[in-house]
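The structure appears below as structure tokens.
Protein chains: 2
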Amino acid sequence: MKNRIRNKSLRDKIISADEAAAIIKSGMTIGCSGFTPSGYPKAVPLALVEKAQGEDFNINILTGASVGSELDGALAEAGLINRRYPYQSDKNLRSSINSGDVKYSDIHLSHFPQNIRYGHYGDIDLAIVEAIAITEEGWIVPSSSVGAAPTFLKEAEKIIVELNLKQTLDLEGVHDIYQLADPPEREAISLVQADQRIGSPYIKIDPKKIEGIVITEIEDEISFAAYQDDISNKIASHIIDFLEAEQQAGKLPKELLPLQSGVGAVANAVLSGLCNSNFENIKFYSEVIQDAVLELIDCGKIDIASGTSITLSESGKKQFKENIDLYKDKIILRPQEISNNPEIIRRLGSIAINTAIEADIYGNVNSTHIMGSRMMNGIGGSGDFARNAYLSIFVTSSVAKGGKISSIVPMVSHVDHTEHDVDIIVTEQGLADLRGLSPQERAVEIITKAVSPLYKDKLLDYFERAKNRGGHTPVKLNEALSWHQRYIDTGTMK
Amino acid sequence: MKNRIRNKSLRDKIISADEAAAIIKSGMTIGCSGFTPSGYPKAVPLALVEKAQGEDFNINILTGASVGSELDGALAEAGLINRRYPYQSDKNLRSSINSGDVKYSDIHLSHFPQNIRYGHYGDIDLAIVEAIAITEEGWIVPSSSVGAAPTFLKEAEKIIVELNLKQTLDLEGVHDIYQLADPPEREAISLVQADQRIGSPYIKIDPKKIEGIVITEIEDEISFAAYQDDISNKIASHIIDFLEAEQQAGKLPKELLPLQSGVGAVANAVLSGLCNSNFENIKFYSEVIQDAVLELIDCGKIDIASGTSITLSESGKKQFKENIDLYKDKIILRPQEISNNPEIIRRLGSIAINTAIEADIYGNVNSTHIMGSRMMNGIGGSGDFARNAYLSIFVTSSVAKGGKISSIVPMVSHVDHTEHDVDIIVTEQGLADLRGLSPQERAVEIITKAVSPLYKDKLLDYFERAKNRGGHTPVKLNEALSWHQRYIDTGTMK
Chain A
1 MKNRIRNKSL
11 RDKIISADEA
21 AAIIKSGMTI
31 GCSGFTPSGY
41 PKAVPLALVE
51 KAQGEDFNIN
61 ILTGASVGSE
71 LDGALAEAGL
81 INRRYPYQSD
91 KNLRSSINSG
101 DVKYSDIHLS
111 HFPQNIRYGH
121 YGDIDLAIVE
131 AIAITEEGWI
141 VPSSSVGAAP
151 TFLKEAEKII
161 VELNLKQTLD
171 LEGVHDIYQL
181 ADPPEREAIS
191 LVQADQRIGS
201 PYIKIDPKKI
211 EGIVITEIED
221 EISFAAYQDD
231 ISNKIASHII
241 DFLEAEQQAG
251 KLPKELLPLQ
261 SGVGAVANAV
271 LSGLCNSNFE
281 NIKFYSEVIQ
291 DAVLELIDCG
301 KIDIASGTSI
311 TLSESGKKQF
321 KENIDLYKDK
331 IILRPQEISN
341 NPEIIRRLGS
351 IAINTAIEAD
361 IYGNVNSTHI
371 MGSRMMNGIG
381 GSGDFARNAY
391 LSIFVTSSVA
401 KGGKISSIVP
411 MVSHVDHTEH
421 DVDIIVTEQG
431 LADLRGLSPQ
441 ERAVEIITKA
451 VSPLYKDKLL
461 DYFERAKNRG
471 GHTPVKLNEA
481 LSWHQRYIDT
491 GTMK
Chain B
1 MKNRIRNKSL
11 RDKIISADEA
21 AAIIKSGMTI
31 GCSGFTPSGY
41 PKAVPLALVE
51 KAQGEDFNIN
61 ILTGASVGSE
71 LDGALAEAGL
81 INRRYPYQSD
91 KNLRSSINSG
101 DVKYSDIHLS
111 HFPQNIRYGH
121 YGDIDLAIVE
131 AIAITEEGWI
141 VPSSSVGAAP
151 TFLKEAEKII
161 VELNLKQTLD
171 LEGVHDIYQL
181 ADPPEREAIS
191 LVQADQRIGS
201 PYIKIDPKKI
211 EGIVITEIED
221 EISFAAYQDD
231 ISNKIASHII
241 DFLEAEQQAG
251 KLPKELLPLQ
261 SGVGAVANAV
271 LSGLCNSNFE
281 NIKFYSEVIQ
291 DAVLELIDCG
301 KIDIASGTSI
311 TLSESGKKQF
321 KENIDLYKDK
331 IILRPQEISN
341 NPEIIRRLGS
351 IAINTAIEAD
361 IYGNVNSTHI
371 MGSRMMNGIG
381 GSGDFARNAY
391 LSIFVTSSVA
401 KGGKISSIVP
411 MVSHVDHTEH
421 DVDIIVTEQG
431 LADLRGLSPQ
441 ERAVEIITKA
451 VSPLYKDKLL
461 DYFERAKNRG
471 GHTPVKLNEA
481 LSWHQRYIDT
491 GTMK
């Protein structure tokens, strides 16, 4: 414990998870560490559920991004969440959000920490933060994610630390904590290269705010495997071909520009594919460091992986632990306000690869809502990157539900990214390059390149009839959303 | 002329507008100065129309933002425009865009210069730029706007200068030209205060590229008056009351945060209203410096007005000329890539006030398309500011066409700004504060505060029925756009 809690007097603050849960009162607003389920508190939320279940008790939960089922899932199932910000991906919570039981807002992840400081979500009563150690000064060494923890720790009245002994102390030194002042005192962020460190490896806090330290050995949930499939491999190969062509045309350097990629199969496939590409000394400036990033380090293709969380599969975790010295040199974890900051993303000129639920023929993208109404996860950081990237790429399989849903539709049922922020749309069918095109040219490009043969004629027919109505962006208002309605009524868009 | 063309050898380059027009070949891509009709070339386009009218001739026109009828209007009417970027507000051009004769894309104004350099619009054959003088070194002193002129001058193969003798030489020194390098060489922009100068008063160019200098005395078109009406005064008073309440709550300093405002009646009314407010030492960091900004300087309320163009009414122009020494000290004109830069806007923490065509009950905003299809002007800089502001405010009259159109609808017919980027919606009915609210709470706030009594019950009824369908953001897909369709079919949304 000497290594883990280096400030002697703080060792007296060790309490049980139940004692910590007793600190939590109904009505509190609580900021929890955690980002894309990594480095979130687990012991205290589970104890809270034990304590409060069945009572007239609810709290507002703020996190960095999605967290595991011990927090979002258990609390939602027990009906203990009133408000929730800014992103989630838990099935219980999703269902409480869609039933209206939880008041949820999904927020651009770079905006969220400053919104907290601006007071949009009221006062923060408590921060619960997972750490690997507490320094001599009483400062926090975060675990496998940073997220919004620095802001919660600064703004909260009280702090509970979950000291997780299963999170390796070797992570110390990986973090780079730089905190922004707010307008009118904000300065330029000095980061101009993805591999630059501009802050401190610790989150500086006022140790007097620590109410308790809970020792835990519960590991982060593994929420996904490093899978790839035929569809994602095809999408990845379209993207890599495109990037190679851009490089040959002199539009991209041999080392590319800093890569951002969402989480999941396509991202894994693209990153894996880069191992066999001609690119070298690639830089990764993104949110989540997943398995394929380790693979890219292993094959010697990337120089640096900057993110706000490390989120690995079971085998990825093993690989990471066994070669930690190799990886540690090449990984930097930053607050999400820096990893996702528009200033940085635009300056670096990111190549951003994000996932769409659906896109429309004019290039608008829906990242969040199923059939217009039902929240899936949230916008997350996709808008931070898409708006500010050098290249904004969205990927999706051309169909869903075995062909019953076309992912390219006349009009998206919810807009998260407008035509203004979408350069490229890729499905397994092909890559539509929208740069410089007018809306009607975009429609032709998307329908020709990216739509499934199952829906191509149908979309062309819609587009031609819409054009007869005229206008810069021809829309048949009484038909634009009829594909979704047909799916709801009949079970297929066909 | 010695004062106007200080480089002796360049005086030999003086040519007539007809001679300049002869340089322009069909198929060329031409970058023109001009921003929200101010400081755009006039003589050469008018000569071009004379020359090319009726011929099989077309060109691609790029500008900073909207330009006057001598350029957009005359060329569109003569059918000479193939492609047009990134913003316009001319009635002839609008009609050619909506008929599909002109291929138009509206682009975030801060993105546009870098997109040019990235090659999205192909090579720039020619730059035509209005200037008040050419320096000894052969550098350009722009006139009443900067816009994208620095990028056009840098990227174009050849340059034609329209030296406008009616634009006062007193403007010299007002400009601050700072040009960004592109990734991976881009540095942090050092501007941290609205009144800071970070560049040069001249646009440095290679004088060898100048093909001709056309002397002209055609004045910028006056496209709008500094009018205010009852509706805009009511909207303005809601905004000022809100800002005062925020200041009293300790959320805003006495000097506010840097203001951005769109052009027109509401903007004029808000700015005028600030003369009678308690705020002091206000800073204005925006795109267009219009009449009310002069008024704010006159009443001693603002310290600095930073923009990319000065666009005044007839009386504003007179006032400006007569008191130029007073105004000159307080005005800075920057390239649109700086005036609208996300890095700066977010750092300064702007209060952004922009105009919506319509908004929906969840807070999505349409700034561009009438009934989903017909382009009005374009997104302009609204997205640059709305996404990155400290406070993103959208204003609109609650009804249009004498009550036949509700500006708040179940679903906007086109999305330019998503719910994620809209903090406040204001109509003459009231102010809806959406910060921190879930979609369903936003709907209640908007319907209660901002909707016309003519449509309030109807919208509430829609919302209640949509809620029965369930989901986080309840939408009735077969009804969401029916208000627009009804307007098209019957002439009213009622």
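Protein chains in written order, with the working numbering: chain A, 1 to 494; chain B, 1 to 494. Don't be surprised by glycine CBs; every beta carbon is placed ideally from N, CA and C. Given the structure is predicted, the values throughout are model-derived calculations rather than measurements.
Beta-carbon separation (whole angstroms), serine 392 of chain A vs aspartate 421 of chain A, contact threshold 8 Å: Taking the first sequence and counting its residues from 1, the one referred to as residue 392 of chain A is at position 392. Taking the first sequence and counting its residues from 1, the one referred to as residue 421 of chain A is at position 421. Correct: roughly 6 Å between the Cβ atoms.
Within chain A, partners of glutamine 336 of chain B - CB distance below 9 Å: Position 336 of the second sequence, counted from the first residue, corresponds to residue 336 of chain B. In chain order: nothing, as chain A lies at least about 15 Å away.
Contiguous alpha helix (DSSP H) assignments of at least 4 residues, all confined to the stretch 11–68 of chain B: 17–23 and 43–52
C-beta contact flag for isoleucine 239 of chain B and valine 214 of chain B at 7 Å: By 1-based counting over the second sequence, the position of residue 239 of chain B is 239. By 1-based counting over the second sequence, the position of residue 214 of chain B is 214. No; because the gap between Cβ atoms is not below 7 Å, this pair is not in contact.
Threonine 448 of chain A at chain B interface by Cβ criterion, 7 Å: Start at 1 with the first residue of the first sequence, and residue 448 of chain A comes out as number 448. By this cut-off, threonine 448 of chain A is not an interface position.
Every unbroken beta strand (DSSP E) inside the stretch 250–292 of chain B [3 residues or more]: 259–261 and 282–285
Heavy atom of the ligand NAD within 6 Å of glycine 430 of chain B beta-carbon: Ligands displayed in this structure: none; no statement on the ligand NAD is therefore possible.
Neighbourhood of leucine 259 of chain B by C-beta distance below 6 Å, restricted to the same chain and skipping five residues each side: What you label residue 259 of chain B is simply residue 259 of the second sequence in a count that begins at 1. Excluding sequence neighbours, leucine 259 of chain B sits near Phe284 and Ile351.
Contact set between valine 192 of chain A and chain B, taken where Cβ atoms lie within less than 8 Å: Reading the first sequence from its first residue, position 192 is the one you call residue 192 of chain A. Going along chain B in sequence order, the residues near valine 192 of chain A (Cβ under 8 Å) are Arg186, Glu187 and Ala188.
Cα-Cα separation, glutamate 337 of chain A to phenylalanine 35 of chain A: Locating residue 337 of chain A in the first sequence gives position 337, where the first residue counts as 1. Locating residue 35 of chain A in the first sequence gives position 35, where the first residue counts as 1. Rounded to the nearest angstrom, the two C-alpha atoms are 12 Å apart.
Within 7 Å, strictly: CB atoms of alanine 356 of chain B and threonine 308 of chain B: For the purposes of this step, residue 356 of chain B is taken as residue 356 along the second sequence, with counting starting at 1. For the purposes of this step, residue 308 of chain B is taken as residue 308 along the second sequence, with counting starting at 1. No. Outside cutoff.
Whole-number beta carbon distance between leucine 477 of chain A and glycine 300 of chain B, since they are thought to touch under 8 Å: The residue labelled residue 300 of chain B in the question sits at position 300 within the second sequence. The residue labelled residue 477 of chain A in the question sits at position 477 within the first sequence. Wrong, their Cβ atoms sit about 50 Å apart, outside the cutoff.
Short Cβ contact (7 Å threshold) for aspartate 43 of chain B with alanine 17 of chain B: The sequence position of residue 43 of chain B within the second sequence is 43, counting from 1. The sequence position of residue 17 of chain B within the second sequence is 17, counting from 1. The question names aspartate, but residue 43 of chain B is alanine in the sequence shown. Result yes, Cβ atoms of alanine 43 of chain B and alanine 17 of chain B sit closer than 7 Å.
CA-to-CA distance, isoleucine 24 of chain B to leucine 48 of chain B, given in whole angstroms: Stepping through the second sequence from its first residue, residue 48 of chain B is reached at position 48. Stepping through the second sequence from its first residue, residue 24 of chain B is reached at position 24. Near 8 Å, if we compare the C-alpha coordinates of isoleucine 24 of chain B and leucine 48 of chain B.
Chain-ordered neighbours of alanine 480 of chain B on chain A, where CB pairs are closer than 8 Å: Mapped onto the second sequence, residue 480 of chain B falls at position 480. Under the 8 Å cutoff, chain A gives Gly372 and Leu481.
Simplified DSSP assignment, three categories, for valine 129 of chain A: Along the first sequence, read from residue 1 onward, the residue named residue 129 of chain A stands at position 129. Here valine 129 of chain A sits in strand by DSSP.
Best match in B/Lys456, B/Thr427 and B/Gly79 for proximity to aspartate 237 of chain B [C-alpha to C-alpha]: Working through the second sequence from its first residue, we reach residue 237 of chain B at position 237. What sits at residue 237 of chain B in the sequence shown is serine, not aspartate. Nearest C-alpha to serine 237 of chain B: B/Thr427.
Segment limits, alpha helix (DSSP H) that includes isoleucine 425 of chain B: Residue numbering aside, residue 425 of chain B sits at position 425 when the second sequence is read from its first letter. Element bounds for isoleucine 425 of chain B: not the alpha helix (DSSP H) but the beta strand (DSSP E), 424–427.
Per-residue burial, glutamate 185 of chain A [other beta carbons within 10 Å of its own, 16 or more giving buried]: By 1-based counting over the first sequence, the position of residue 185 of chain A is 185. Answer is exposed; the Cβ neighbour count stays below 16.
Buried or exposed by the 16-neighbour rule on C-beta atoms within 10 Å, applied to glutamate 136 of chain A: Here residue 136 of chain A refers to the residue found at position 136 when the first sequence is read from its first residue. So glutamate 136 of chain A counts as exposed.
Reference valine 102 of chain A, options B/Asp384, B/Gln440, B/Phe463 and B/Lys449, closest by Cα: Here residue 102 of chain A corresponds to residue number 102 of the first sequence, with the count starting at 1. That would be B/Gln440, whose Cα lies nearest to the Cα of valine 102 of chain A.
Validate contact between the stretch 131–150 of chain A and the stretch 309–322 of chain A using beta carbons, cut 8 Å, 3 pairs: yes
Valine 174 of chain B vs isoleucine 5 of chain B beta-carbon contact at 7 Å: For the purposes of this step, residue 174 of chain B is taken as residue 174 along the second sequence, with counting starting at 1. For the purposes of this step, residue 5 of chain B is taken as residue 5 along the second sequence, with counting starting at 1. It is not a contact, given that the beta carbons lie outside the stated cut-off.
Interface residues of the stretch 234–250 of chain B facing chain A [CB-CB below 7 Å]: none
At least three beta-carbon pairs within less than 8 Å, the stretch 82–98 of chain A to the stretch 46–63 of chain A: yes
Residues from the stretch 113–128 of chain B in contact with chain A, defined by Cβ distance under 8 Å: Asn115, Tyr118, Gly119, His120, Tyr121 and Gly122
Residue-chain proximity (arginine 347 of chain A, chain B), Cβ-Cβ < 7 Å: Here residue 347 of chain A refers to the residue found at position 347 when the first sequence is read from its first residue. Answer yes: the Cβ-Cβ gap between arginine 347 of chain A and chain B drops below 7 Å somewhere.
Rounded straight-line distance, which links the Cα of valine 475 of chain A to that of arginine 469 of chain A: The residue given as residue 469 of chain A occupies position 469 in the first sequence. The residue given as residue 475 of chain A occupies position 475 in the first sequence. Rounded to whole angstroms, arginine 469 of chain A to valine 475 of chain A spans 8 Å at the Cα level.
Contact set between arginine 387 of chain B and chain A, taken where Cβ atoms lie within less than 7 Å: Residue numbering aside, residue 387 of chain B sits at position 387 when the second sequence is read from its first letter. Simply Arg387.
Boundaries (first-last residue) of the alpha helix (DSSP H) holding glycine 358 of chain B: The sequence position of residue 358 of chain B within the second sequence is 358, counting from 1. Correcting the residue identity first, residue 358 of chain B is glutamate in this sequence and not glycine. Taken as a continuous stretch (DSSP letters only), glutamate 358 of chain B belongs to no alpha helix (DSSP H), being part of the beta strand (DSSP E) at 358–360.
Length of the line joining the Cα atoms of glycine 122 of chain B and glutamate 246 of chain A: On the second sequence, position 122 is the one that residue 122 of chain B refers to. On the first sequence, position 246 is the one that residue 246 of chain A refers to. One C-alpha to the other measures close to 14 Å.
Proximity of isoleucine 30 of chain A and leucine 126 of chain A at Cβ, strictly below 7 Å: Counting from one through the first sequence, the residue named residue 30 of chain A turns up at place 30. Counting from one through the first sequence, the residue named residue 126 of chain A turns up at place 126. A contact, by the Cβ cut-off of 7 Å.
Reference aspartate 56 of chain A, options A/Gly27, A/Lys494 and A/Lys2, closest by Cα: Position 56 of the first sequence, counted from the start, is the residue given in the question as residue 56 of chain A. The shortest C-alpha separation from aspartate 56 of chain A is found at A/Gly27.
Isoleucine 235 of chain B versus tyrosine 40 of chain A: straight-line alpha-carbon distance, rounded: Taking the second sequence and counting its residues from 1, the one referred to as residue 235 of chain B is at position 235. Taking the first sequence and counting its residues from 1, the one referred to as residue 40 of chain A is at position 40. For isoleucine 235 of chain B and tyrosine 40 of chain A, the distance between alpha carbons rounds to 44 Å.
Closest residue to glycine 119 of chain A among B/Lys449, B/Asp489, B/Thr473 and B/Gly436 (Cα-Cα distance): Here residue 119 of chain A refers to the residue found at position 119 of the first sequence. Minimum Cα distance to glycine 119 of chain A is reached at B/Gly436.
Enclosing beta strand (DSSP E) for alanine 305 of chain B [first to last residue]: For the purposes of this step, residue 305 of chain B is taken as residue 305 along the second sequence, with counting starting at 1. Its beta strand (DSSP E) spans residues 302–307.
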